[in-house]
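Start counting the sequence shown at 130; every next residue gets the next number (the numbering used here). For every residue, glycine included, the Cβ atom is placed at its ideal position computed from N, Cα and C. Predicted model only: the values in this text are computed from it and were never measured. A quick write-up on the structure given underneath.
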Amino acid sequence: MTDRYGIIGYPLGHSLSPYMHNRYAYYLGADETYEAFETDPADMEKTLLQMHEDHILGLNVTIPFKTSVIPLLYGIDSGIDRIGAVNTLKYTPEGYIGYNTDVRGLKYTIEKSGLSLKGKDVLILGAGGAARAAAYVSEQSGCSSITVLNRTYEHAESLCRDFKGKPLDYSSLNKLDKTSYIIFQTTSVGMYPYTDVMLPVPDDILSKALSVIDVIYNPGETALIKYVSSLGIPTVNGFDMLINQGLESRKIWKPDEILTKEIKETVYDECTRYSWT
Ligand code: ATR
Numbered sequence: 130m131t132d133r134y135g136i137i138g139y140p141l142g143h144s145l146s147p148y149m150h151n152r153y154a155y156y157l158g159a160d161e162t163y164e165a166f167e168t169d170p171a172d173m174e175k176t177l178l179q180m181h182e183d184h185i186l187g188l189n190v191t192i193p194f195k196t197s198v199i200p201l202l203y204g205i206d207s208g209i210d211r212i213g214a215v216n217t218l219k220y221t222p223e224g225y226i227g228y229n230t231d232v233r234g235l236k237y238t239i240e241k242s243g244l245s246l247k248g249k250d251v252l253i254l255g256a257g258g259a260a261r262a263a264a265y266v267s268e269q270s271g272c273s274s275i276t277v278l279n280r281t282y283e284h285a286e287s288l289c290r291d292f293k294g295k296p297l298d299y300s301s302l303n304k305l306d307k308t309s310y311i312i313f314q315t316t317s318v319g320m321y322p323y324t325d326v327m328l329p330v331p332d333d334i335l336s337k338a339l340s341v342i343d344v345i346y347n348p349g350e351t352a353l354i355k356y357v358s359s360l361g362i363p364t365v366n367g368f369d370m371l372i373n374q375g376l377e378s379r380k381i382w383k384p385d386e387i388l389t390k391e392i393k394e395t396v397y398d399e400c401t402r403y404s405w406t
């Protein structure tokens, strides 16, 4: 029987995960498929139960379910209660177990870009699952402060309770410290197909940012990344984070799988060339 994997989220038109994982399977000669399960948030619980019944062995979880899926799980990996978000589920007969590989993916991306968060003021745009991974990595890296700017104040407040941050919404921008931040953009704003939009972050904050990390990888350059790049500010997009969280998810689903350096590099290159059109 073909082993089934997939991604659950809404929307999913932007997602590269099905292509990426199916290419790994192709080079491994593995009898498996990885499907996009676009799921209306109202149907999430029912869909997850059905997936378990259908014996879907592993799932990635993306916007808007990284936090809301947790109560539906049989358990979560020890050590990730602190993060409060999952992006990987593994089948067990009793139910799914949640893991977070975004954190490893983000850490790897930051290291690769040569960025240090130690002693820096961090501004996180958004307060969902990816924002939680960014807060966790920032805290672990010894950042000096965390400020969370989010559309819904209560969500920023909830994240800040867990990570000792300063919550703000767009009506309280005057309370934003006028400092040089490392900025994490963790929302879906600017993601394909609505690529022209960016969050209304004040120009005096953007223009003196130390670096901007946008977790979006489609497009590779969001409107935000384009704008701050034009000001000479270093930027990082979400591509390496996607690749690395995917590799970490595979290790959880199939601990005995061996992906050679050659396969990893080939799939990396193929993903950079993937065209949605
Ligand atoms: P997940 O937990 O899976 O990452 P989520 O909980 O829906 O998904 O989080 C997405 C984040 O993007 C949230 O911070 C959301 O803001 P709200 O807390 O106000 O919902 C933010 N977001 C999504 N669409 C947005 C938009 N159009 N403008 C501003 N923020 C947006």
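Distance, residue j Cα to residue i Cα
| i | j | result |
| --- | --- | --- |
| glutamate 164 | glutamine 179 | 14 Å |
| valine 326 | proline 222 | 43 Å |
| threonine 364 | lysine 390 | 26 Å |
| phenylalanine 313 | valine 396 | 26 Å |
| tyrosine 134 | methionine 173 | 17 Å |
| aspartate 132 | alanine 159 | 9 Å |
| aspartate 183 | aspartate 332 | 50 Å |
| threonine 191 | lysine 241 | 23 Å |
| tryptophan 382 | isoleucine 209 | 17 Å |
| aspartate 385 | serine 300 | 50 Å |
| glycine 349 | proline 193 | 21 Å |
| isoleucine 387 | isoleucine 362 | 38 Å |
Close Cβ partners of residue i (< 6 Å) along its chain, the five nearest in sequence each way excluded
| i | result |
| --- | --- |
| alanine 256 | Val277, Asn279, His284, Ala285 and Leu288 |
| tyrosine 156 | Ile392 |
| lysine 118 | A question about residue 118 goes unanswered here, because the residues of the chain that appear run from 130 up to 406. |
| tyrosine 148 | Tyr403 |
Boundaries of the beta strand (DSSP E) in which residue i is found, first to last residue
| i | result |
| --- | --- |
| asparagine 189 | 187-190 |
| tyrosine 407 | Nothing about residue 407 can be reported from this structure: the residues present for the chain run from 130 to 406 only. |
| valine 138 | Sequence check: residue 138 is glycine here, not valine. Looking at the DSSP string, the run of the beta strand (DSSP E) that includes glycine 138 is 132-138. |
| aspartate 306 | No beta strand (DSSP E) holds aspartate 306; DSSP gives it neither H nor E. |
| aspartate 385 | Unbroken run through aspartate 385: none, as it is neither H nor E. |
| leucine 278 | 274-278 |
| valine 251 | 250-254 |
Contact set for residue i: own chain, Cβ-Cβ below 8 Å, skip 5 residues either direction
| i | result |
| --- | --- |
| glycine 248 | Gly271, Cys272 and Ser273 |
| isoleucine 199 | Ile205, Gly213, Ala214, Val215 and Gly227 |
Own chain partners of residue i with C-beta closer than 7 Å, once the 5 adjacent residues on each side are dropped
| i | result |
| --- | --- |
| isoleucine 367 | In the sequence under discussion, the amino acid at residue 367 is glycine, which differs from the isoleucine named in the question. Correct list, in chain order: Asp343, Val344, Ile345 and Tyr346. |
| tyrosine 282 | Pro296 and Asp298 |
| serine 336 | Leu360 |
| aspartate 369 | Tyr237, Thr238 and Lys241 |
Residue from the options whose Cα sits closest to the Cα of residue i
| i | options | result |
| --- | --- | --- |
| threonine 308 | Thr351, Ile226 and Ala338 | Ala338 |
| lysine 195 | Lys304, Tyr139 and Leu305 | Tyr139 |
| aspartate 231 | Thr217, Tyr321 and Gly208 | Thr217 |
| lysine 219 | Ile212, Gly204 and Ala262 | Gly204 |
| leucine 376 | Thr176, Pro170 and Arg233 | Arg233 |
N-terminal and C-terminal residue of the alpha helix (DSSP H) that residue i is part of
| i | result |
| --- | --- |
| lysine 393 | 390-402 |
| serine 358 | 352-359 |
Please specify which runs of the beta strand (DSSP E), each continuous and at least 3 residues long, are wholly inside the region 150-234, giving them in chain order.
-> You should have 161-167, 187-190, 217-221 and 224-228.
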